[in-house]
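The numbering of the sequence shown is the numbering used here, which starts it at 26 and goes up by one.
Worksheet: one structure, shown below.
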Amino acid sequence: IGTGRLLRRLTGASSVSRLRSYALATLVERSASVDLLHIDIQGHEFDVVRAALEAVSQRVKRMVIGTHSEHVSQQLRDLLVHREWSLEAEEACQVHRSRGKESLVLDGCQVWRNSRLQAPLEASDLAKVDRNVGRRYAA
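Shown next as structure tokens:
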């Protein structure tokens with residue numbers, strides 16, 4: 026059975042489209058500098074970041090990474106802290122455990138700063154962001 030036929034059978038879809046895919050390193054290497062990279066790929070974040078780490082570390086200033094398990098969050102911390110990345114913020118994913126099984130309730134998030142390419146935000150910068158957000162969402 027062909028891949029297209031199998032996917033149609035499993036998903037009930039009437040057609041399947043093939044999309045071109047790229048390695049993260051390939052995409053990052055197309056730019057001289059990347060201000061912000063957002064990664065949210067449903068549990069495969071560590072594998073993708075690890076495979077592209079050299080290119081990402083040379084060009085990306087900050088990463089926001091969605092996390093989908095405590096294990097992936099810890100893998101990312103172990104990998105990036107030792108490569109001159111600073112964890113600026115983290116919200117743990119929320120997992121429900123029942124009968125020996127885990128199910129994700131709420132995605133987690135990590136914000137990383139590349140210490141080689143980006144200085145930390147100053148308190149005055151954060152105050153500016155807070156004021157701008159307040160204005161944007163004011164009645």
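The C-beta atom is built at its ideal place from N, Cα and C for all residues, glycine as well.
**OP:** Could you spell out the range, first to last residue, of the alpha helix (DSSP H) harbouring S82?
**Re:** Element bounds for S82: E70 to R84.
Subject >> Segments assigned beta strand (DSSP E), at least 3 residues, entirely inside the region 116-141 >> reply: 119-123, 126-131 and 133-139
**OP:** From the DSSP output, in three-state form, read off L62 for me.
**Re:** strand
**OP:** Quick one: give me the first and last residue of the alpha helix (DSSP H) that R55 is part of.
**Re:** Taken as a continuous stretch (DSSP letters only), R55 belongs to no alpha helix (DSSP H), as it is neither H nor E.
Original post:
For Q119, which option in H93, S111, A144 and D65 has the closest C-alpha, if you only look at C-alpha atoms?
Top reply: H93
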